[in-house]
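**Q** A single structure is presented below for examination.
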Amino acid sequence: MRHVWSMVVILVAAVSLHAQQTDSTHGVDTTLPPNVYRLKLFISGGMQFTLFKEPTTTVGNRRSFVMPTFNVRAMWKPEHLLSVGLMSGYTKLARETLTAQDIPQLQGDIRLELDAIPMMMVFAMQQYGVEVSVGIGAYYLMSSSTGARFGDTRSADFTLGVSLLAGYTYKFSDRFGLGVEAGLHNLSSRGIFGIAPALRLEYDFYTY
Amino acid sequence: MRWLLPFVILAGCVTPLEDILDPAIDLDDVEASVTLLDTTAKEDMGGVYAVEEGQQQFGDTIALRWNARDLSGFGTRNVCFLTMRGGTRGDTGVIEGTWRFTTGSSTGIIRLRALPDEGGRALSSGKVKTRDIVWRGTWSGADGANARPLVLRGQRALFRRPNGFSIIAHRGGGRNSERYGVSENSLEMMRLASRLGATGIEIDVHRTKDDQAIIFHDPTFTPRTIRGAYVLGDVENYTLRQIKAVARLVNGEQIPTLEEALRTVIDETPLEMVWLDIKAESIIDSIITIQKRLMDYAVQQRRSVRIYLGIPTTEVRDAYVASPLRGTVPVLCELDANSVRAVDAAVWAPRFTAGLQLDVVKQMHREQRRVYVWTLDDPNFMRSFLVDGDFDGVLTNYPMLLAAIFYTRSL
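Sequence order for the protein chains is A and B.
Counting from 388, one number per residue, gives the positions in the first sequence under my numbering.
Counting from 772, one number per residue, gives the positions in the second sequence under my numbering.
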């Protein structure tokens, strides 16, 4: 994990340094007049590879899952490299079924699921369609267990998390763009790490 | 963007704690290789020992005290504790075991002998006094390498308080942060508590969704206390059956019920006192019922164990006062003196931050109530409260430190 975060540090430092060295005309959308502000919406969807530091249950060895994910970001982009916004979405982090073979007390199957809803503030830098974002905030984790002999349980809790997203968007119209993005998500206090390649839609929904 | 760097660096720079190695010694093997001492010899052998060699490691004094099968040693340096077994081989005393610094991850092996003319013969004859014994041997790392000399010379008997004194370990024996290899509020921790110097324990009682009493401190399941990705949120969202099936404490143990915990204390430990810290006043009747049943069980087993229903808040106090089972079990009250009298508590347990409160403590003693103070972890406060105060017990996260300070007091 340290190596991953070292790479993240280097990447962020590189983008930061490049941004500082850039003069005021670089990276600015020169098709628009100065003092133009935009509100953008990003919708991304794909699959997330989630890795758990510890096995997800005390009876099994399972530590990784590939599950669907999507996120939505609303960003405010002034006439500057930096934009800021909010991100949310939904990711299914894990899903598995335990049987009586796994846990004798069960006497039947129990289905376990873990979902996450990010609630983050996002800071992004973009230039020539390439965007790098860092999200800091919370994840709302929801767990459920369902079993005929056990009854159902729903429970939830918040946990802190950090996300790093990098993507490229091709603008095929004034308002719309289509692209790809890769996300890294770290819920370090829970020992959960995710890598999520996705397709994304960019929509400039308001300009002023 | 530059200002984001610190956040990113911080997120990646959490240093993992050093692993604590398992010393390469089996206490059962040590016990099997010696002739065991009888109870009187154990009592007489226990005492305050001056550390003649090994002071840099263990400080100036160690208190040795037998707890059933184990010989525990307590020192103030690095909050150290020793866990040993022993007896005699012919006319030589033998004690071997482990040492551990609670402040950190250092641990290792101790091997000591009392030669025939330095107390060994007296030990084997069963007529020994602390001051007659010199233990000579070595201490080493967990793998037994780098053995260095250790000499303990008996000085005097352990300090005792005329009315008795309780060294009460928090959360069943210790917190997860102490990294004893067993989890707080687990049965395994309760079994360990006396080795850590405790004569009593405090355990936390919560309720499940189906109103069962379990031993757990926090109101929610978090990575601090629980292993397993699917177990999170409020404890009261889960039934006992679900908890037993899918929840495990951080070191892999089950979460015990109140009944299991009390039965373990009575059957498997030499502990003399249990303080039930009630976190769920809505099931107070059920808790009192279990408490009564297990107190009767202790009597049947000829075990002298005081079990106190702890009242930490006004909500629990009010629930107790309204209970039809009020007055049927001994109670410990953490609130003010008036509340203590209102519930007719056998024990008053004030916070240490309120000071020595000598007048109030004196009044409590006149009313035939004991007084325990909590939670003392600083050695200077421990000394001050022991010497200048008149408390009957102290709740601490470091029972071995309190034991070292208490037992080595001058007689």
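Where is the CB? At the ideal position from N, CA and C, for every residue including glycine.
Ignore the nearest five residues each way along the sequence and tell me which others in Asn838 of chain B's own chain have a CB closer than 6 Å to its CB.
**A** The answer, listed in chain order, is Ser965 and Pro1041.
**Q** If you draw a straight line from the C-alpha of Arg946 of chain B to the C-alpha of Arg884 of chain B, how long is it?
**A** Those two C-alpha atoms are separated by around 34 Å.
**Q** Closer than 7 Å, CB to CB, is Val453 of chain A near chain B or not?
**A** No, because no Cβ of chain B sits closer than 7 Å to the Cβ of Val453 of chain A.
**Q** For Ala1051 of chain B, would you say it is in contact with chain A, using Cβ-to-Cβ distances shorter than 7 Å as the test?
**A** No, its Cβ sits nowhere closer than 7 Å to a Cβ of chain A.
**Q** Given a threshold of 16 other Cβ atoms within 10 Å of its Cβ, counted over all protein chains shown, does Thr920 of chain B qualify as buried or as exposed?
**A** Reading off the sequence shown, one finds Pro at residue 920 of chain B, where the question assumed Thr. Exposed is the call here.
**Q** So Thr873 of chain B and Met1171 of chain B are in contact, right, with Cβ under 8 Å, and what is the actual spacing, rounded?
**A** At roughly 7 Å, the Cβ-Cβ gap stays under 8 Å, so Thr873 of chain B and Met1171 of chain B are in contact.
**Q** Considering only residues of the segment 1020-1064 of chain B, which uninterrupted beta strand (DSSP E) runs meet the minimum length of 3 residues and lie entirely inside it, listed in chain order?
**A** Taking only runs of at least 3 residues, the beta strand (DSSP E) segments lying wholly in the segment 1020-1064 of chain B are 1044-1049.
**Q** Could you check which residue in A:Val521, A:Ser530 and A:Val446 has the C-alpha nearest to that of Pro491 of chain A?
**A** The option with the nearest alpha carbon to Pro491 of chain A is A:Val446.
**Q** In whole angstroms, what is the alpha-carbon distance linking Ala834 of chain B and Glu867 of chain B?
**A** Answer to the nearest angstrom: the Cα atoms are 16 Å apart.
**Q** Name the one or two DSSP bridge partners that Phe852 of chain B has.
**A** Answer by DSSP bridge pairing, in chain order: B:Phe845 and B:Arg871.
**Q** Are the C-beta of Leu788 of chain B and some C-beta of chain A separated by less than 7 Å?
**A** No, no contact with chain A.
**Q** Flag Leu426 of chain A as yes when its Cβ comes closer than 6 Å to any non-hydrogen atom of the ligand GTP, and as no otherwise.
**A** Although the ligand GTP was asked about, the structure shown includes no ligands whatsoever.
**Q** Flag Ala481 of chain A as yes if its beta-carbon sits less than 7 Å from any beta-carbon of chain B, otherwise no.
**A** Closer than 7 Å to some Cβ of chain B, the Cβ of Ala481 of chain A qualifies, so yes.
**Q** Please confirm if Arg966 of chain B has its CB atom under 7 Å from at least one CB of chain A.
**A** Not one chain A Cβ lies under 7 Å of Arg966 of chain B.
**Q** Are the C-beta atoms of Ser542 of chain A and some chain B residue less than 7 Å apart?
**A** Yes, its Cβ sits closer than 7 Å to a Cβ of chain B.
**Q** What are the boundary residues of the beta strand (DSSP E) that includes Val822 of chain B?
**A** That run of the beta strand (DSSP E) goes Gly818 to Glu824.
**Q** Is Leu571 of chain A helix, strand or coil by DSSP?
**A** Looking at Leu571 of chain A - three-state DSSP - the assignment turns out to be strand.
**Q** Taking 7 Å as the threshold (C-beta atoms), are His941 of chain B and Lys1050 of chain B in contact?
**A** Not closer than 7 Å, so no.
**Q** Apply the 10 Å Cβ neighbour rule to Lys898 of chain B and answer buried if 16 or more other Cβ atoms are within range, or exposed otherwise.
**A** Exposed is the call here.
**Q** Which residue comes first and which comes last in the alpha helix (DSSP H) that contains Pro1170 of chain B?
**A** Start and end: Pro1170 to Tyr1178.
**Q** Check this for me: beta carbons of Cys1104 of chain B and Val1114 of chain B, under 7 Å apart or not?
**A** The answer is yes: Cβ separation under 7 Å.
**Q** In three-state DSSP terms, what is Gly890 of chain B?
**A** DSSP places Gly890 of chain B in coil when its eight states are reduced to three.
**Q** Report the start-end ranges of each alpha helix (DSSP H) in the segment 434-501 of chain A that is 4 residues or longer and not cut off at the edges.
**A** As far as the segment 434-501 of chain A is concerned, it has no whole alpha helix (DSSP H) run of at least 4 residues.
**Q** Please name the residue, chosen from B:Val850, B:Asp888 and B:Met855, that lies closest to Asp1188 of chain B on a Cα-to-Cα basis.
**A** This structure cannot settle anything about residue 1188 of chain B, because the visible part of chain B is limited to 772 through 1182.
**Q** For Trp774 of chain B, count the other beta carbons within 10 Å of its own beta carbon; 16 or more makes it buried, fewer makes it exposed. Which is it?
**A** Low confidence applies here, because Trp774 of chain B scores a pLDDT of 45, under 50, leaving its location unreliable and the question unanswered by this model.
**Q** If distances are taken between C-alpha atoms only, which option among B:Leu929, B:Arg995 and B:Arg1064 comes closest to Glu814 of chain B?
**A** Cα-wise, what sits closest to Glu814 of chain B is B:Leu929.
**Q** With DSSP collapsed to three states, give me the class of Phe580 of chain A.
**A** DSSP places Phe580 of chain A in strand when its eight states are reduced to three.
**Q** Note down, in chain order, each residue of its chain lying with its Cβ closer than 6 Å to the Cβ of Pro584 of chain A, except the 5 sequence neighbours on either side.
**A** Same-chain partners within the cutoff: Gly433 and Ala569.
**Q** Run through the DSSP bridge pairs and tell me what Asn838 of chain B is partnered with.
**A** Its beta-bridge partners are B:Asp841.
**Q** Comparing alpha-carbon positions, which option in B:Thr909, B:Tyr1009 and B:His988 lies nearest Gly825 of chain B?
**A** Nearest option by C-alpha distance: B:Thr909.
**Q** Does the beta-carbon of Met335 of chain A have 16 or more other beta-carbons within 10 angstroms, so that it is buried, or is it exposed?
**A** Residue coverage of chain A in this structure runs from 388 to 595, which leaves residue 335 of chain A outside it and unanswerable.
**Q** In whole angstroms, give me the CA-to-CA distance for Ser1184 of chain B and Tyr1009 of chain B.
**A** Outside the shown range of chain B, which is 772 to 1182, sits residue 1184 of chain B, and nothing can be said about it.
**Q** Mind checking if Thr533 of chain A is an interface residue toward chain B, Cβ cutoff 7 Å exclusive?
**A** No - not a single Cβ of chain B is within 7 Å of the one on Thr533 of chain A.
**Q** Let's see if you can read the secondary structure: which residues bound the alpha helix (DSSP H) around Phe749 of chain B?
**A** Residue numbering for chain B in the displayed model covers 772 to 1182; residue 749 of chain B lies beyond these limits and cannot be assessed.
**Q** Note down, in chain order, every chain A residue with its Cβ under 9 Å from the Cβ of Gln926 of chain B.
**A** The premise fails here: Gln926 of chain B is roughly 48 Å from chain A at the closest Cβ pair, so nothing lies under 9 Å.
**Q** Our contact map puts Asn1022 of chain B next to Ser954 of chain B with C-beta atoms below 8 Å; I'd like the distance itself, whole angstroms only.
**A** So it is a contact: roughly 5 Å between Cβ atoms.
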